[in-house]
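Input: a single structure, listed below in structure tokens.
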Amino acid sequence: EREPVTPGPGEHALQFAYTFWFTPRFPGRQASSLNFEQNIKYVGTVASVEQFWAYYSHMGRPGDLTGHSDLHLFKDGVKPMWEDPANKEGGKWIVRLRKGLASRAWENLILAMLGEQFMVGEEICGAVVSVRFQEDIISVWNKTASDQATTSRIRDTLKRVLNLPPNTIMEYKMHLDSLKDNSSF
Amino acid sequence: GTRIIYERHELLQLRNSPLTR
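The listed protein sequences derive, respectively, from chains A and B. Numbering follows this note's numbering, in which position 97 of the first sequence is assigned residue number 135; successive positions increment by one, without gaps. Numbering follows this note's numbering, in which position 2 of the second sequence is assigned residue number 303; successive positions increment by one, without gaps.
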């Protein structure tokens, strides 16, 4: 158990504290939830804008990461796993990006999330950028996959903040389906 | 309660705040 993180004196508080996690991926190894949990590394928790920049400025950009890895930013207390109580009824929007676009897209996404630009109450759980060899994948996780008004609003905000070409394909996947077929994308 | 909302440019402005360690 960690001590709760709070904004420092004079800092600009965020609506929610968020935690960065990092997962190096090893191609070919079966990703069971057990080894996923063992493999995921806690990076740090931020409760203010200043704390966010302090971490973010020292972290590698998704576009600079090589091989397979995932960078997660989730509300503090929510693990970036399908099985977490906040996630198990939820799902995610998936956006596939060609190489070279991930760093900017990731920054735009997490600034929108930290700034509460999605306007969907408590529905946002977190965001992930997955670095792969051929492409990068960005996803936004929410609590209630069956809430269509919310998922539509998240999709529209995501389109706006990522500023992607109109033909970009966005796919919604329920975590229950990910659990069933044991695949993330 | 009131939500704490930041526009992108507001967050970017705070990037170089002296409080950012």
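Every residue, glycine too, gets a C-beta built ideally from N, C-alpha and C. As the structure is a computational prediction, the values presented were derived from the model and not from experiment.
query                                                                                                                                                                   : result
Counting pairs of beta carbons, one from the stretch 138-157 of chain A and one from the stretch 210-220 of chain A, are three or more of them closer than 8 angstroms? : no
So is A/Phe-58 buried or exposed if we call it buried at 16+ other beta carbons inside 10 Å?                                                                            : buried
Are the CB atoms of A/Gly-128 and A/Leu-181 within a distance shorter than 8 angstroms?                                                                                 : Reading off the sequence, residue 181 of chain A comes out as Lys, not Leu. Yes.
Mind checking if A/Leu-217 is an interface residue toward chain B, Cβ cutoff 8 angstroms exclusive?                                                                     : no
Could you name the residues of chain B that A/Ala-51 contacts, counting a contact when the two beta carbons are closer than 9 angstroms?                                : Ile-305
Taking A/Glu-154 as the query, report the chain B residues whose CB atoms sit under 9 angstroms from its CB, ordered along the chain.                                   : Arg-304, Ile-305, Ile-306 and Tyr-307
Rounded C-beta distance between A/Val-158 and A/Ile-132? I'm assuming under 8 angstroms.                                                                                : About 17 angstroms; that fails the 8 angstroms criterion.
Going by C-alpha distance, which of A/Pro-45, A/Lys-117 and A/His-106 is nearest A/Gln-89?                                                                              : A/Pro-45
Among residues of its own chain, excluding the 5 on either side of A/Lys-218, which ones have a beta-carbon nearer than 6 angstroms to its beta-carbon?                 : none
Hey, is A/Leu-149's beta-carbon within less than 8 angstroms of any beta-carbon in chain B?                                                                             : yes
Going straight from the alpha carbon of A/Gln-155 to that of A/Pro-118, what length do you get?                                                                         : 21 angstroms
Judging by CA-CA distance, which residue of A/Gly-98, A/Gln-76 and A/Asp-114 is the nearest neighbour of A/Cys-163?                                                     : A/Asp-114
Residues of chain E with a CB under 8 angstroms from the CB of A/Trp-59: which are they?                                                                                : Note that chain E does not occur in the displayed structure, where the protein chains are A and B.
Taking Cβ positions only, does A/Ile-144 come closer than 8 angstroms to chain B?                                                                                       : The amino acid at residue 144 of chain A is misidentified as Ile; the sequence shows Trp. Not closer than 8 angstroms to any Cβ of chain B, the Cβ of A/Trp-144 fails to qualify, so no.
Rounded to whole angstroms, what's the CA-CA distance from B/Leu-315 to B/Tyr-307? Just pull it up for me.                                                              : 11 angstroms
Note down the Cα distance separating A/Lys-126 from A/Ser-184, rounded to an integer number of angstroms.                                                               : 12 angstroms
Residues in the same chain with beta-carbon distance under 6 angstroms from A/Lys-79, minus the five sequence neighbours each way, listed in chain order, please.       : Phe-60
Between A/Val-169 and A/Pro-100, how many whole angstroms is the CB-CB distance? I'm expecting something under 8 angstroms.                                             : 6 angstroms
Please name the residue in A/His-110, A/Pro-123, A/Leu-200 and A/Ile-176 whose C-alpha comes closest to that of A/Ala-150.                                              : A/Leu-200
Could you round the C-beta distance between A/Val-43 and A/Ala-92 to whole angstroms and report it? I think they count as a contact, below 8 angstroms.                 : No, A/Val-43 and A/Ala-92 are not in contact; Cβ-Cβ is about 12 angstroms, not under 8 angstroms.
Could you please give the first and the last residue of the uninterrupted alpha helix (DSSP H) stretch that includes A/Thr-195?                                         : 186-200
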